[in-house]
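J.:
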Amino acid sequence: MKIRLAADLQPDSIVDGEGIRTVIWTQGCPHNCKGCHNPGTHDFNGGFLVDVDEVIEELKKIEGQDGITLSGGDPMCQSEACLKICKAAKELGLNVWCYTGFTYEKILNNPKQKALLQYIDVLVDGKFVLEEKSFDIYFRGSRNQRIIDVKKSLEEEKVVWVSKYMDEKDYSLDYKKPEYMFI
Ligand code: SF4
558 MKIRLAADLQ PDSIVDGEGI RTVIWTQGCP HNCKGCHNPG THDFNGGFLV DVDEVIEELK
618 KIEGQDGITL SGGDPMCQSE ACLKICKAAK ELGLNVWCYT GFTYEKILNN PKQKALLQYI
678 DVLVDGKFVL EEKSFDIYFR GSRNQRIIDV KKSLEEEKVV WVSKYMDEKD YSLDYKKPEY
738 MFI
């Protein structure tokens with residue numbers, strides 16, 4: 558199985574989730590957010606193809622990481638390949654964060670994306686909204702995005718935030734507003 562990536566694996570990141578992480582930059586994104594800082598990752602024919610097993614072998618060689626972060630691009634657009642990588646990451650004792658422009662609710666309605674969710678610890682969901690951009694928030698670009706504890710959310714059948722990374726302003730946002738729900 559192949560995965561299309563935008564860049565080589567990036568170890569030792571401290572800005573793409575908690576702890577020290579290897580980032581996997583997937584290629585291809587349908588969301589076209591205004592102000593996206595990574596437009597080069599949108600093209601579904603861009604980047605390069607690599608065998609998933611090669612990615613896993615690379616991960617095995619990288620030392621001193623707390624986890625992996627799926628980013629992009631949108632990893633949910635390559636959910637089967639990402640699932641295989643996440644499964645291997647878990648076997649290596651790594652936790653998994655994932656950034657996606659889809660909302661958690663949308664992902665639940667897509668069987669392949671929902672299957673990938675089972676291997677994700679923390680999901681940062683929703684499109685980047687320029688008007689909600691903030692430098693006062695952790696691990697996300699705009700305030701509409703949510704940092705979600707996936708295991709608890711699946712168990713409790715509702716979205717459960719990682720509260721230490723959210724603040725009182727987040728609680729005042731109306732997440733049912735159409736501009737936050739998107740595709
Ligand atoms: S989801 Fe991310 S990569 Fe895709 S357009 Fe939005 S900000 Fe850019």
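Mapping to the working numbering: the sequence shown position 132 is 689, numbers consecutive.
Beta carbons are placed, not taken as given, at the ideal position from N, Cα and C, and that holds for glycine.
Starting from the C-beta of L687, find all residues in its chain whose C-beta is less than 8 angstroms away, skip the five residues before and the five after it, and write them out in chain order.
T.: The sequence position of residue 687 within the sequence shown is 130, counting from 1. These residues qualify, in order along the chain: C590, K591, G592 and S699.
J.: Checking 9 angstroms against the spacing of the C-beta atoms, do D569 and G621 come in under that value?
T.: To locate residue 569, count along the sequence shown from 1; it is residue 12. To locate residue 621, count along the sequence shown from 1; it is residue 64. The answer is yes: Cβ separation under 9 angstroms.
J.: Counting only runs that start and end within the stretch 609-641, where is the beta strand (DSSP E) found for 3 or more residues in a row?
T.: Entirely contained in the stretch 609-641, the beta strand (DSSP E) runs reaching 3 residues are, in chain order, 624-628.
J.: Go ahead and pull the three-state DSSP assignment for Q584.
T.: Position 27 of the sequence shown holds residue 584. Reduced to three states, the DSSP call for Q584 is coil.
J.: Quick one: what does DSSP say C643 is sitting in, helix, strand or coil?
T.: Taking the sequence shown and counting its residues from 1, one reaches residue 643 at position 86. C643: helix per DSSP, three-state reduction.
J.: What residue range is occupied by the uninterrupted alpha helix (DSSP H) comprising Y722?
T.: Residue mapping note: residue 722 aligns to position 165 of the sequence shown, counting from 1. Unbroken run through Y722: none, as it is neither H nor E.
J.: Sorry if obvious, but does the Cβ on P632 come closer than 8 angstroms to a heavy atom of ligand 1?
T.: If you number the sequence shown from 1, residue 632 lands on position 75. Incorrect: P632 has no Cβ contact closer than 8 angstroms to ligand 1.
J.: Among I581, K559, V716 and L562, whose alpha-carbon lies nearest the alpha-carbon of C655?
T.: Residue mapping note: residue 655 aligns to position 98 of the sequence shown, counting from 1. Checking every option, the nearest Cα to that of C655 belongs to I581.
J.: Assuming G585 and D600 make a contact with CB atoms under 8 angstroms, what is their CB distance in whole Å?
T.: Translated into positions along the sequence shown, residue 585 becomes position 28. Translated into positions along the sequence shown, residue 600 becomes position 43. 7 angstroms between Cβ atoms; contact.
J.: Just verifying my parser: in three-state terms, what is the DSSP assignment at V686?
T.: Numbered from 1 along the sequence shown, position 129 holds the residue referred to as residue 686. Reduced to three states, the DSSP call for V686 is coil.
J.: With a threshold of 8 angstroms, establish whether the CB of K684 neighbours any heavy atom of ligand 1.
T.: In the sequence shown, counting from the first residue as 1, residue 684 sits at position 127. Yes, ligand 1 has a heavy atom inside 8 angstroms of this Cβ.
J.: Is T626 near ligand 1 - that is, is its Cβ less than 8 angstroms away from at least one heavy atom of it?
T.: The residue you call residue 626 lines up with position 69 of the sequence shown. Answer for T626: no, Cβ out of range of ligand 1.
J.: By Cβ distance below 6 angstroms, which residues in the same chain neighbour N652 in space, the five residues on each side in sequence not counted?
T.: As a first step, residue 652 must be located in the sequence shown, where it is residue number 95. Closer than 6 angstroms at Cβ, skipping near neighbours: G624 and D678.
J.: Do L606 and T579 have their C-beta atoms closer together than 9 angstroms?
T.: The residue labelled residue 606 in the question sits at position 49 within the sequence shown. The residue labelled residue 579 in the question sits at position 22 within the sequence shown. It is not a contact, given that the beta carbons lie outside the stated cut-off.
J.: Would you decide whether S720 is buried or exposed? Buried here means 16 or more other CB atoms lie within 10 Å of its CB.
T.: If you number the sequence shown from 1, residue 720 lands on position 163. By the 10 Å Cβ count, S720 comes out exposed.
J.: Please determine whether the Cβ atom of T657 lies at a distance below 8 angstroms from any heavy atom of ligand 1.
T.: Your numbering for residue 657 matches position 100 in the sequence shown. T657: yes, Cβ under 8 angstroms from ligand 1.
J.: If you draw a straight line from the C-alpha of D724 to the C-alpha of D693, how long is it?
T.: Here the question's residue 724 lines up with position 167 in the sequence shown. Here the question's residue 693 lines up with position 136 in the sequence shown. Cα to Cα, the separation comes out at about 10 angstroms.
J.: Tell me the DSSP secondary structure of Y676 in three-state form.
T.: Taking the first residue of the sequence shown as 1, we reach residue 676 at position 119. Residue state, collapsed to three classes: coil.
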